[in-house]
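**Q** The following block contains the structure, expressed as structure tokens.
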Amino acid sequence: MPARSRTLLLAAALVSACVAQTPAPRDDAAPPPPQATAAAAAPSASAQAPSAVVAATSAAPSAPAPDPYPAPPPPDPPVVLRAGGKRAVKGEAGLVTSVEKNATRIGTSVLRRGGNAVDAAVAVAYALAVTHPSAGNIGGGGVMLVRLKNGEAHFIDFRETAPAAGATTEKVLAMLDHDGGIGLRSAGVPGTVAGLSLALERFGTRPLAELVAPAIELAKKGHALGPRQALTLAWAWNKLKHDPAARAIWGKGKKPLGEGERVRQPDLARTLESISKEGPRAFYEGFFARAIDEWMKKGGGYVTAKDMAGYRAKLRAPLRFSYRGFSVETAPPPSMGGVAFAQIMLSLERARAYEHEPSSAEAHHLFIEAARRAYAERRLVAADPDFGPEDLDAKITSLLSGVHLATRKPPIDPLRATPSSQLAVAAPEGAKESPETTHFSIVDAEGNAVACTYTLSAGFGAKVVVPGTGVLLGNALGGFSKDGPNVIAPGKRMATSMSPTIVTQGGKLALVLGSPGGDTIPNTVAQVFRNLVDWGMTIDEAVTTGRLHHQFQPDKLRVERQRPPPRVVLAELARRGHTIEQSNLTQGDANDILVDPQTGAVYGFADPREGGVAEGVSRAELEKKRP
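If you count by mature numbering (1 follows the signal peptide of the UniProt record, and there is no 0), then the sequence shown holds residues -20 to -1, 1 to 607, one letter each, in order.
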């Protein structure tokens, strides 16, 4: 290694409290680290029944003590985000970016008619349930982060819950072993309809029927199957074709429909019509609840009419942290993704990783080591907050504190990879998450913003459609762990990595971020965020740049084969002890938005990895369409 590079690395180690002060010789094994003090706790026996609004989950303690290991001060002058971009889409009066063109168009149509970002989000989500069935849904669940123009931020948790009859670890393991993690026994109680209704009731302005109408029309008249949707359908077909209702929708004889072929869903249209007329009650207590109850009883499934009637979406406070002068709001538990994302960024800030070039081995190495530790420790807070542990807030505060980041063992070695086996964390192994999710971002003319990530868990979920309803169910029950805080219980939400994020600077909206990708989500969100804040990329550059993934176990660094770091960088990372795997799979689908700090114009970009579409609204269009 050149002497100048080694000097820079050692300097970074000395100024950062969370990086090793003296690099260990490469051939010496570090001593066994002590176990983490925040041990996993069993669910609280005193957990109360779910309610529509729950206590806040916040990373900030009520009476913060002085941080003996403070982060570097915010940059002076402040970081200025770089607007524009050769391929970015501009919106003067709002913007929508999603994975599918029909859904994006429907969202911008709502904005042009004077609806706000939440109105548009509801319309987009219902549209994706029709046009992007591998992840868009009303039979699954998700999370939504809303920031209002007055500065208030709210997190809506509509993750699926465990049905009472199936809420034992033995039944989950049997479902995974015998059913392959799919089928009607893999389904949880759907949350999407309740979550969208709660968002609209609290923060929207338009009637539900108006927002569901475009999805109903698409389901009735049909739409041309898009290229990405055709590809995911082909991947899922060997399992999906065994369900008669699914085969009738997406099949043509024994084969799946192909790109450009028309998909009609009359049963789903009728279900959506019932929701548009009667609201969520039609889904949770009416036509659909009766249909799923009858079907589950006949097929040996677990979801009942009682489970459906008892479901409630939750309103929670976002998880908050600061990074280099930016205020970040992201997902609290039951998401463990927001905590991992926050810990990655706070570790990198203390390591001054932003001082390195973005494509350098130094920058990549520090990111990998921060991610390795964050993914190890996120399992400590993989919990539904309504079920405990009671000290969940305290655990989060501790994990994000300067003291913890500076003193955890072993510290980040700036020259050498730490074997994951040396990170002893007293938490059970988590469940593997599927990458087939979807994310969309929206900003309106008034500065309201929505980041929404929702899912059927695996692609096409449980691979079964409730007969007569057109509703494809998710297979969320596989998201519970064998033991620890994420163990299954009746009415409990499973942990997730979904991390919708909204960023402000000086009280002004700056970024709307998020991605699908299962376990990779926190790393994807962190890398896009770093590209924008630390290295001044435009939104299209930040999203297009290649991504890395390390999640503690397995102890491998995964890089995108189509967008790898330079060979010399990969060689240096290997020399430092990283085991590298080049993957043919892409990582994430970051449909993100940046707000120009100078003009307030909005720039969005749909990740080319999934072929989505971003569309802006001009000021003239908005004025013309307003009543």
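Yeah, the Cβ is synthetic: ideal placement off N, Cα and C, and Gly gets one too.
Look at A320 and A289 and say whether their C-beta atoms are less than 8 Å apart.
**A** Result no, Cβ atoms of A320 and A289 do not sit closer than 8 Å.
**Q** By Cβ distance, which residues of its chain are closer than 6 Å to R186, with the 5 residues on each side in sequence left out?
**A** The residues are G95, D99.
**Q** Under three-state DSSP, which class holds Q485?
**A** Three-state result, Q485: strand.
**Q** Please go through the same chain and pick out, in chain order, the residues whose beta-carbon is closer than 8 Å to the beta-carbon of L188, but skip the five residues on each side of it.
**A** The answer, listed in chain order, is V102, S177, L180, I255, S256, G259.
**Q** Which one of L326, T251, P55 has the shortest CA to CA distance from G305?
**A** Minimum Cα distance to G305 is reached at P55.
**Q** Just the C-alpha distance for V444 and A225, rounded to the nearest angstrom, thanks.
**A** Whole-angstrom Cα-Cα distance: 7 Å.
**Q** For the alpha helix (DSSP H) containing L220, name the first residue and the last one.
**A** First-last of the alpha helix (DSSP H) with L220: 207 to 220.
**Q** Would you grab the beta carbon distance between I392 and E349 for me? Rounded to a whole angstrom, and I think it's under 8 Å.
**A** Confirmed, about 4 Å.
**Q** Enumerate in chain order the residues of its own chain whose CB-to-CB distance from N503 is below 6 Å, with the five nearest sequence positions on each side excluded.
**A** Here the set comprises A351, H529.
**Q** Tell me whether the beta-carbon of A83 lies closer than 8 Å to the beta-carbon of L108.
**A** Against a cut-off of 8 Å, the Cβ pair of L108 and A83 comes out as a contact.
**Q** Should the segment 551 to 568 be regarded as contacting the segment 463 to 470, the criterion being three or more beta carbon pairs within less than 8 Å?
**A** They do not touch, by the three-pair rule.
**Q** Tell me, to the nearest whole angstrom, how far the beta carbon of residue 611 is from that of G494; I am working on the premise that it is less than 8 Å.
**A** In this structure the chain extends from -20 to 607, so residue 611 is not present and cannot be described.
**Q** Less than 8 Å separating the beta-carbons of G459 and A475?
**A** Against a cut-off of 8 Å, the Cβ pair of A475 and G459 comes out as a contact.
**Q** Between which residues of its own chain and F440 is the CB-CB distance below 6 Å, once the five residues before and five after are set aside?
**A** Only S114, A216, L220 meet the Cβ criterion.
**Q** Report back the beta-carbon spacing between L385 and R330 to the nearest angstrom; my notes put them in contact at under 8 Å.
**A** Confirmed, Cβ separation roughly 6 Å.
**Q** What is the DSSP secondary structure of A262, counted as helix, strand or coil?
**A** If DSSP states are grouped into helix, strand and coil, A262 belongs with the helices.
**Q** Suppose contacts are defined by Cβ-Cβ distances below 8 Å. Is E561 in contact with L537 by that definition?
**A** Contact flag set, yes.
**Q** Under the rule that 16 or more other beta-carbon atoms within 10 Å means buried, what is P170, buried or exposed?
**A** It is buried - the Cβ of P170 has at least 16 other Cβ atoms within 10 Å.
**Q** Report the three-state DSSP secondary structure of M124 (helix, strand or coil).
**A** If DSSP states are grouped into helix, strand and coil, M124 belongs with the strands.
**Q** Return the CA-CA distance between H203 and M124, expressed in angstroms with no decimal places.
**A** So the alpha carbons of these two residues sit roughly 27 Å apart.
**Q** Check the C-beta distance from R473 over to R165 and give it rounded, since I have them as a contact under 8 Å.
**A** That belief does not hold up - the Cβ atoms of R473 and R165 are roughly 18 Å apart, past 8 Å.
**Q** Name the DSSP beta bridge partners of D572, please?
**A** DSSP, once it has assigned bridges, lists F585 as partnering D572.
**Q** What first and last residue would you give for the beta strand (DSSP E) that runs through A133?
**A** 133 to 138 is the span of the beta strand (DSSP E), which, as asked, contains A133.
**Q** Could you please give me the residues that DSSP links to R538 through a beta bridge?
**A** Answer is H529, E561.
**Q** Leaving aside the five residues before and after L379 along the sequence, list all residues of the same chain whose C-beta is less than 8 Å from its C-beta, in chain order.
**A** Around L379: A18, V319, Q323, E357, L360, V361.
**Q** Can you name, in chain order, every residue of its own chain whose Cβ lies under 6 Å from the Cβ of V90, other than the five neighbours on each side?
**A** Here the set comprises D99, A100, A103.
**Q** Which value, in whole angstroms, describes the spacing of the CA atoms of G119 and G454?
**A** Roughly 6 Å separates the two Cα atoms.
**Q** Quick check: what's the CA-CA separation for W515 versus S477?
**A** Approximately 25 Å between the Cα atoms of the pair.
**Q** Please report how far the alpha carbon of K232 lies from the alpha carbon of A490, in whole angstroms.
**A** Near 46 Å, if we compare the C-alpha coordinates of A490 and K232.
**Q** What separation, rounded to the nearest whole angstrom, lies between the Cα atoms of D273 and A167?
**A** Roughly 12 Å between the two C-alpha positions.
**Q** DSSP three-state label for D424, please.
**A** Residue state, collapsed to three classes: strand.
**Q** Look at the alpha carbon of I229 and the alpha carbon of P236, and state the distance between them as a whole number of angstroms.
**A** Roughly 9 Å between the two C-alpha positions.
**Q** Once DSSP output is grouped into helix, strand and coil, what is the label at V597?
**A** Three-state result, V597: coil.
**Q** Please state if the CB of G450 and the CB of T212 are separated by a distance shorter than 8 Å.
**A** No, the Cβ-Cβ distance between T212 and G450 is not below 8 Å.
**Q** In angstroms, rounded to a whole number, what distance separates the CA positions of E342 and F268?
**A** The alpha-carbon atoms of E342 and F268 are separated by roughly 54 Å.
**Q** Whose C-beta lies closer than 7 Å to the C-beta of residue 611 among residues of the same chain, with five residues either side of it excluded?
**A** For residue 611 there is no data in the structure shown, the boundaries of the chain being -20 and 607.
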